[in-house]
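First residue of the sequence shown? That's 1 in the UniProt record's numbering, and the numbers climb one at a time after it.
C-beta: ideal position from N, C-alpha, C; glycine also.
Everything numeric in this text was worked out from a predicted model, so none of it was measured.
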Amino acid sequence: MKIKNKPSKIKQSDSSDKLKKVSKNIRDRRSIYANVFIKKELPEKLLEEILINATWAPNHKMTEPWRFIVFKGKYLKEYGAYMAHYYKDFYSELSPEDQKEKLRYLANYPLNAACLIGVIMVRNTKINLPEWEEIAAISSAVQNIALTCTAHKIGSFWSTKGVAIDYVAQFDLAENEKSLGLLYLGYYPKDLKQSQKKRTPLSKKVIYLE
């Protein structure tokens, strides 16, 4: 067995224009948080396209283990109030003024989002797959959402904090369903600075067996 730890010599410039476009979309994807969102409506057709792309994620035995709840309008304010109440005791040791400011920030945090999307795992009751496979499928669906958003210059991030999980869990989930948090979608300023985060070189993450 011969092991190589050097990446292929094929350069990105050798790729087709289509591949370059796909690669750019993947590499431009990043989490953009709601504190920088600017208020703007998301067209219904575009939202539908985003959600359809989510459903084309790979999934074992076609269990399609996902369900989504789209929160808009009054629900953005409701979730903000829910967060403020959820963290009220967490900030109890702060001064009254600082606590009030923290809770006000939380209450206003979702308001500029175009929408929130509750992510729900639906376990198939007839096909007993390991839970990790179903979560992997849902993660792929969320990535499809993120990539579609990136292509349309829409910011997104997946909140998996307890507050997001508990909020979605309130909405009549069945026994075979489990909340996996909330996706925030929203528009961001054109002059938003690019992320400076880097990736570990491929040579440190991949070996080639020939």
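- For GLU177, there is no enclosing alpha helix (DSSP H); the residue is part of the beta strand (DSSP E) that begins and ends at 177–186.
- In this structure, ALA84 is the residue among THR150, ARG30, ALA84 with its C-alpha nearest to the C-alpha of ARG104.
- Non-local C-beta neighbours of ALA114 in its own chain, meaning closer than 6 Å and more than five positions away in sequence, comprise LEU42, LEU185, GLY186, ordered along the chain.
- Boundaries of the alpha helix (DSSP H) harbouring SER23: 17–28, taken from the DSSP string.
- Secondary structure note for GLY155: its beta strand (DSSP E) is the uninterrupted segment 155–159.
- For VAL168, the closest of SER179, GLY162, ASN25, TRP56 by C-alpha to C-alpha distance is SER179.
- Per DSSP, LEU111 has no beta bridge partner at all.
- Linking THR200 to CYS149 through their CA atoms gives a straight-line distance of about 25 Å.
- The bridge partners DSSP lists for PHE68 are VAL119.
- Pairing LYS126 with THR63, the inter-Cα distance amounts to about 10 Å.
- Sequence-distant partners of TYR87 (beyond 5 residues in either direction) whose C-beta falls short of 8 Å from its own C-beta, in its chain, are LYS102, LEU103, LEU106, VAL163.
- Counting C-beta atoms within 10 angstroms of its own C-beta, TRP132 has fewer than 16 neighbours from the protein chains shown and is therefore classed as exposed.
- Using a Cβ distance threshold of 8 Å, TYR33 and PHE171 do not count as a contacting pair.
- PRO189 is the residue among PHE71, LEU209, PRO189, GLU210 whose C-alpha sits nearest the C-alpha of ILE38.
- LEU209 carries a strand assignment under DSSP once its states are collapsed to helix, strand and coil.
- Within the same chain, LEU180, GLY181 come within 8 Å of THR160 by CB-CB distance, once the 5 residues on both sides are set aside.
- Assigned with DSSP and collapsed to three states, ILE127 falls in coil, not helix or strand.
- In the three-state DSSP reduction, SER31 falls in the strand class (E or B).
- Sixteen is the threshold: when 16 or more other Cβ atoms of the shown chains lie within 10 Å of the Cβ of ILE50, as they do, the residue is buried.
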